[in-house]
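Whatever position you read off the sequence shown (first residue = 1), add 184 for the working numbering.
The C-beta atom is built at its ideal place from N, Cα and C for all residues, glycine as well.
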Amino acid sequence: MFKNAAEAIKYIRENDIEFVDVRFMDLPGVMQHFNIPAKAFNDSVFEDGLMFDGSSIRGFQAIHESDMKLMPDVTTAFVDPFREAKTLAM
């Protein structure tokens with residue numbers, strides 16, 4: 185849907201997107217995700233990534249080494265037609 189971060193951010197702002205649902209697979213192949221308010225989604229998310237607690241995901245990290253970084257892939261983004269609030273998934 186998008187070629188770069190600037191296109192995605194512009195779309196979020198111009199189309200009243202309320203949330204960005206960031207999705208990824210855990211090691212057994214189960215989809216995991218977390219929602220971010222769209223107003224908090226900016227260039228730094230694509231440059232620096234999103235930090236999350238890897239110990240809460242099966243097979244990722246032990247509690248003492250649990251800080252993990254997720255880098256969103258803007259080329260996978262789409263508007264989720266099943267969400268009540270307008271949500272961009274990637």
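Q: Give the secondary structure of residue 197 by DSSP, where H, G and I count as helix, E and B as strand, and everything else as coil.
A: Within the sequence shown, the letter at position 13 stands for residue 197. Helix, per DSSP.
Q.
Quick check on the burial criterion: 16 or more other C-beta atoms within 10 angstroms. Buried or exposed for residue 218?
A. Reading the sequence shown from its first residue, position 34 is the one you call residue 218. Counting every other CB atom within 10 Å of its CB across the protein chains shown gives residue 218 a total below 16, marking it as exposed.
**Q.** Same chain, Cβ closer than 8 Å to residue 257, five either side skipped, listed in chain order
**A.** What you label residue 257 is simply residue 73 of the sequence shown in a count that begins at 1. Taking C-beta separations shorter than 8 Å and ignoring five residues to either side along the sequence, the partners of residue 257 in its chain run 274, following chain order.
Q: Tell me whether residue 272 is buried or exposed, calling it buried when 16 or more other Cβ atoms sit within 10 Å of its Cβ.
A: Residue mapping note: residue 272 aligns to position 88 of the sequence shown, counting from 1. Looking at its Cβ environment, which holds 16 or more other Cβ atoms inside 10 Å, residue 272 is buried.
Q. Got a sec, what are the start and stop residues for the beta strand (DSSP E) residue 227 sits in?
A. Sequence index remark: in the sequence shown, residue 227 carries index 43 (1-based). For residue 227, no beta strand (DSSP E) run applies; the uninterrupted alpha helix (DSSP H) run containing it begins and ends at 227 to 232, by DSSP.
Q: List the residues that DSSP assigns as beta-bridge partners of residue 258.
A: Position 74 of the sequence shown holds residue 258. Per DSSP, none; premise fails for residue 258.
Q: Answer with buried or exposed for residue 266, where buried requires no fewer than 16 other C-beta atoms within 10 angstroms of its C-beta.
A: Position 82 of the sequence shown holds residue 266. Answer is exposed; the Cβ neighbour count stays below 16.
Q.
I'd like the list of long-range same chain contacts for residue 216, defined as Cβ closer than 8 Å, with 5 residues on each side in sequence excluded.
A. Numbered from its first residue, the sequence shown carries residue 216 at position 32. Taking C-beta separations shorter than 8 Å and ignoring five residues to either side along the sequence, the partners of residue 216 in its chain run 207, 208, 209, 210 and 241, following chain order.
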